[in-house]
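Chemist: Chain order of the listed sequences is A and B. Residues in the first sequence are numbered from 1 upward in steps of one, following my numbering. Residues in the second sequence are numbered from 101 upward in steps of one, following my numbering. A single structure is presented below for examination.
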Amino acid sequence: MEITKQEVEKVANLARLALTDSEKTAFAKQLSQILTHVETLKQYDTTGVEPTATVPGQANVFRADDVRPSLSIESAVANAPESVDGFFVVPKIIEDRQPL
Amino acid sequence: MSIHTLSLFDLHEKFTAGAVTAAEIVRAYGLRIGQVESKVKAYITLAKDTAVGQASALDASLKGWRKTLPMMGMPLAIKDNICTEGVLTTCASRILGDFVPPYDATVIAKLRAQGYLLLGKTNLDEFAMGSSTENSAVGPSRNPWNLQCVPGGSSGGSAAAVASDECAAALGSDTGGSIRQPAAFCGVVGLKPTYGRVSRYGLIAFASSLDQIGPITKDVRDAAFLLGAIAGHDPLDSTSADVPVPDYLKALKRKDLKKLKVGVPVEFFAEGLDPEVDRVVRAAIQQLKELGGEIKEIELPRTDAAVATYYVIATAEASSNLARYDGVKFGLRAKETKDLLELYMKTRQEGFGPEVKRRIMLGTYVLSAGYYDAYYGKSQAVRTLIRQDFEEASQNVDLIVTPVTPTPAFKFGAKADDPLQMYLSDIFTISANLAGVPAISLPCGFSQAGLPIGFQLIGRPFEEETLLRAAYAYEQSTQWRAKKPVIR
């Protein structure tokens, strides 16, 4: 399996990960090697085999919909890089509209 | 005998008898850490000053009346991916470099309720991704038996701290061998419980269907003792099992393997296994036989598929779990970014180290449109086959015995440039995570160069008692644990 630098760029964008040029080159090579090893799984016949997502194989786990103690707003934002009045601060995400 | 060389259980008995105070315990460990930590570098954060206060409060509350709880006054080290309220928890990552959890993991809440003493948070490969601690953002820990060698990983700090008597016992986490491999490299005991045996609430997620918290200890009895203190159902972890917790110490009463069938999987003694490891593990198998075990050769035919299956499933889950590190709610935020997208991209570029990036990339790739079925879907199906191997084996044998690692501890840098080689060295530990079964690693000898070698016992789900019984019988019939590293 050969991964190109362009594919690395596409995946990095999906993963929201900026990469340097040398990282892109290195990952193209390393991911190719690792995926070549993964291709060996083709030799196992899995026709009709149920996939395992998690070992317990349990159905949904429910609990009563009760109000329980939770974090205060203050402690919930305490680790935020930037917060104001109990809100997380992010860069502006809505574009200014052109005046009509 | 010095306090810091006692086993956890012996220390507990002395503390319960009033022969030692919590203040004396903290003082002894403070001195020991002062002596060796600059060489071993097991810890990321030391909490011994807080522990001093806790210890004196504990001693005052116990004056003239000693009804103790199992972990009361016990000085423990906790892997730095397990949340401790008010104490820095970094995952050895820049992205969580200043993260102070506002809550305790369930295992910590249990230990705290019993009055344990937190000595510090131990080093790991960033986000538990690695086999050597070389992927830690704060630099690697060192193997107490040879400071030029890795302690293993990812729970390398916990294993090194236990081996060098810098704590009485430690908690680690195991996604593909991260408790058992460093325990083997450092000559201590490491137990990965059955998936669901111990709550994962507050364990910072790497691969949720594989992760499990467990004890790293000086001997098998300590592993039984500490597992009992942290196991059990937890409503906060929907994958934790509602299965009663037995008294694991009771499992140690029979010091033999009579009526136990022990399987030796041929696939685990194939090429690539270091001759010294092969010899020492085979001697351990002979010893299990002398203790009454019935040794049988078995097959786990899908063993060759384990590494590939694991690195698809674990990285897929990791790429999803690590999407939360976006520079908004906690952790690092890149400076001077022009919009939200750039804030995400640069924060993650600056915050994650190379191995974490590689795994996020691999996981994103195998989940992406056009590749999902060929890689992720295929791996989930092969995982079912691997589980079936173990289910079939467990109809014929009670335990499976294998090496833990293909070689003893390697030197720093030996595999750092070749990720695939590093991944392939996880071959013997990964299957137990994929199958969700319990496994224990314990010392069974030394290499010519004086490095510890361990062997692994794998059991049926929720049969940790059988694992512990056999491991204890073996340990009590040998003297490996008497040898301690000389740290220099």
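Ideal Cβ placement from N, Cα and C applies to all residues, glycine included. Everything numeric in this text was worked out from a predicted model, so none of it was measured.
Beta carbon of A418/B, beta carbon of R459/B: below 7 angstroms?
Modeler: For the purposes of this step, residue 418/B is taken as the residue at position 318 of the second sequence. For the purposes of this step, residue 459/B is taken as the residue at position 359 of the second sequence. Yes, the pair counts as a contact, with Cβ atoms nearer than the cut-off.
Chemist: Which residue marks the beginning of the beta strand (DSSP E) containing T317/B, and which one marks its end?
Modeler: The residue given as residue 317/B occupies position 217 in the second sequence. Here the beta strand (DSSP E) through T317/B covers I313 to T317.
Chemist: Taking the alpha helix (DSSP H) that Y143/B belongs to, which residues open and close that run?
Modeler: What you label residue 143/B is simply residue 43 of the second sequence in a count that begins at 1. No alpha helix (DSSP H) holds Y143/B; the beta strand (DSSP E) holding it covers Y143 to L146.
Chemist: List the DSSP bridge partners of K358/B.
Modeler: Walking along the second sequence from the start, residue 358/B turns up at place 258. Answer is none; K358/B lacks a bridge partner.
Chemist: Does the Cβ of N243/B have 16 or more other Cβ atoms within 10 Å, making it buried, or fewer, making it exposed?
Modeler: Position 143 of the second sequence, counted from the first residue, corresponds to residue 243/B. Buried: at least 16 other Cβ atoms inside 10 Å.
Chemist: Can you give the beta carbon distance from A323/B to P170/B, rounded, assuming they're within the 8 angstroms contact cut?
Modeler: Locating residue 323/B in the second sequence gives position 223, where the first residue counts as 1. Locating residue 170/B in the second sequence gives position 70, where the first residue counts as 1. That belief does not hold up - the Cβ atoms of A323/B and P170/B are roughly 13 angstroms apart, past 8 angstroms.
Chemist: As a quick exercise: from R300/B, G332/B and S232/B, pick the residue whose alpha carbon is nearest that of A283/B.
Modeler: As a position in the second sequence, residue 283/B is number 183, starting the count at 1. Nearest option by C-alpha distance: S232/B.
Chemist: Flag this pair as yes or no: are the beta carbons of T505/B and Q556/B separated by less than 7 angstroms?
Modeler: Here residue 505/B refers to the residue found at position 405 of the second sequence. Here residue 556/B refers to the residue found at position 456 of the second sequence. Not closer than 7 angstroms, so no.
Chemist: In chain A, what lies closer than 7 angstroms to S338/B by C-beta?
Modeler: Taking the first residue of the second sequence as 1, we reach residue 338/B at position 238. Simply V61.
Chemist: Among A122/B, G130/B and E565/B, which has the Cα closest to the Cα of K353/B?
Modeler: Numbered from 1 along the second sequence, position 253 holds the residue referred to as residue 353/B. Nearest of A122/B, G130/B and E565/B to K353/B, Cα basis: E565/B.
Chemist: Let me know the secondary structure DSSP gives T507/B once reduced to three states.
Modeler: Here residue 507/B refers to the residue found at position 407 when the second sequence is read from its first residue. Three-state result, T507/B: coil.
Chemist: Based on the DSSP secondary-structure assignment, which residues constitute the bridge partners of V501/B?
Modeler: Here residue 501/B refers to the residue found at position 401 when the second sequence is read from its first residue. Its beta-bridge partners are L557/B.
Chemist: Short of 8 angstroms in beta carbon distance, which residues of its chain neighbour P454/B, apart from the five on each side in sequence? Order them along the chain.
Modeler: For the purposes of this step, residue 454/B is taken as the residue at position 354 of the second sequence. For P454/B, where only same-chain residues beyond five positions count, the Cβ hits under 8 angstroms are N235.
Chemist: So G230/B and G257/B are in contact, right, with Cβ under 8 angstroms, and what is the actual spacing, rounded?
Modeler: Mapped onto the second sequence, residue 230/B falls at position 130. Mapped onto the second sequence, residue 257/B falls at position 157. Actually they do not touch by this definition, with Cβ atoms about 12 angstroms apart.
Chemist: Do we get a CB-CB distance below 7 angstroms when we pair L211/B with the residues of chain A?
Modeler: Counting from one through the second sequence, the residue named residue 211/B turns up at place 111. Taking Cβ atoms only, chain A never reaches closer than 7 angstroms to L211/B, which makes this a no.
Chemist: At which residues does the beta strand (DSSP E) containing A539/B begin and terminate?
Modeler: Mapped onto the second sequence, residue 539/B falls at position 439. Its beta strand (DSSP E) spans residues A539 to F546.
Chemist: Identify every run of the alpha helix (DSSP H) within the segment 144 to 210 of chain B, keeping only runs that are complete inside it and at least 4 residues long; order them along the chain.
Modeler: Listed in chain order, they are 148 to 161.
Chemist: The segment 458 to 473 of chain B: which residues have C-beta closer than 7 angstroms to a C-beta of chain A, in chain order?
Modeler: Hits within the stretch, in order: R458, I460, M461, L462, T464, Y465 and S468.
Chemist: Hey, is A64/A's beta-carbon within less than 7 angstroms of any beta-carbon in chain B?
Modeler: Here residue 64/A corresponds to residue number 64 of the first sequence, with the count starting at 1. A64/A does not count as touching chain B.
Chemist: According to DSSP, simplified to helix, strand and coil, what is E397/B?
Modeler: Your numbering for residue 397/B matches position 297 in the second sequence. Note: E397/B maps to strand in three-state DSSP.
Chemist: Quick one: is Q33/A near chain B, going by C-beta distance under 7 angstroms?
Modeler: On the first sequence, residue 33/A is found 33 positions in, with the first residue counted as 1. Output row for Q33/A: interface = yes.
Chemist: Is G302/B closer than 7 angstroms to D274/B when the C-beta atoms are compared?
Modeler: Against the second sequence, residue 274/B aligns to sequence position 174. Against the second sequence, residue 302/B aligns to sequence position 202. Not closer than 7 angstroms, so no.
Chemist: Given a cut-off of 7 angstroms on the beta-carbon distance, is the pair S299/B and D334/B in contact?
Modeler: Within the second sequence, residue 299/B is the residue found at index 199, counting from 1. Within the second sequence, residue 334/B is the residue found at index 234, counting from 1. Closer than 7 angstroms, so yes.
Chemist: If we count the other Cβ atoms within 10 Å of its Cβ and call it buried at 16 or more, is N60/A buried or exposed?
Modeler: Here residue 60/A refers to the residue found at position 60 when the first sequence is read from its first residue. Per the 10 Å Cβ criterion, exposed.
Chemist: Restricting to Cα atoms, I'd like to know which of L462/B, R560/B and L422/B is closest to S308/B.
Modeler: Translated into positions along the second sequence, residue 308/B becomes position 208. S308/B has its Cα closest to that of L422/B, out of L462/B, R560/B and L422/B.
Chemist: Which residues of chain B have a Cβ atom closer than 7 angstroms to the Cβ of I93/A, listed in chain order?
Modeler: Position 93 of the first sequence, counting from 1, holds the residue named residue 93/A. Ordered by position in chain B, the residues that pass the 7 angstroms Cβ test against I93/A are L440.
Chemist: Along chain B, in chain order, which residues have C-beta atoms closer than 8 angstroms to that of R16/A?
Modeler: Taking the first sequence and counting its residues from 1, one reaches residue 16/A at position 16. In chain order: A423, D426, L441, Y444, M445 and R448.
Chemist: For the segment 214 to 223 of chain B against the segment 129 to 147 of chain B, do three or more pairs of beta-carbon atoms, one drawn from each stretch, fall closer than 8 angstroms, so that the two count as touching?
Modeler: At 8 angstroms Cβ cutoff, the stretches touch.
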